[in-house]
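Engineer:
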């Protein structure tokens with residue numbers, strides 16, 4: 001159960017991090033470091049697995065660049081971050097403060 005919660009949280013952190021970029025892109029190493037700042041310390045291979053899962057759900061597209069992956073947010077991924085749709089398996093974002 002904790003593993004599922006951790007993965008759902010990590011997936012949301014990834015989508016939010018992509019949404020904050022001007023081009024909505026980040027590479028897997030920068031995303032790994034971002035997750036670390038939120039207390040989720042995992043190997044790059046784990047991050048790659050989560051990025052592939054997000055790709056399979058239509059939330060991101062992926063491009064290989066050597067040993068890293070570059071993730072780009074899709075419209076579906078952005079809609080999840082904005083609470084306009086739900087992607088099962090990704091934590092739901094908190095409501096914006098009023």
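In this note's numbering, the protein residues as written are 1 to 98.
Every residue gets a Cβ at the ideal spot worked out from N, C-alpha and C, and that includes glycine.
(1) Rounded to whole angstroms, what is the Cα-Cα separation between residue 65 and residue 31?
(2) Using a 10 Å radius around the Cβ and a threshold of 16 neighbouring Cβ atoms, would you call residue 97 buried or exposed?
(3) Mind checking which residues open and close the beta strand (DSSP E) that includes residue 59?
(4) Helix, strand or coil: how does DSSP classify residue 85 here?
(5) Are there 16 or more other CB atoms within 10 angstroms of the CB of residue 45, so buried, or fewer, so exposed?
Structural biologist: According to the structure data:
(1) The sequence position of residue 65 within the chain shown is 65, counting from 1. The sequence position of residue 31 within the chain shown is 31, counting from 1. A straight-line Cα-Cα distance of about 14 Å links residue 65 and residue 31.
(2) As a position in the chain shown, residue 97 is number 97, starting the count at 1. Within 10 angstroms of the beta-carbon of residue 97 lie fewer than 16 other beta-carbons, which makes it exposed.
(3) Position 59 of the chain shown, counted from the first residue, corresponds to residue 59. No beta strand (DSSP E) holds residue 59; DSSP gives it neither H nor E.
(4) On the chain shown, residue 85 is found 85 positions in, with the first residue counted as 1. In the structure shown, residue 85 sits in coil (DSSP, three-state: anything other than H, G, I, E or B).
(5) In the chain shown, the residue the question calls residue 45 occupies position 45. The C-beta of residue 45 has fewer than 16 other C-beta atoms within 10 Å across all chains shown, which makes the residue exposed.
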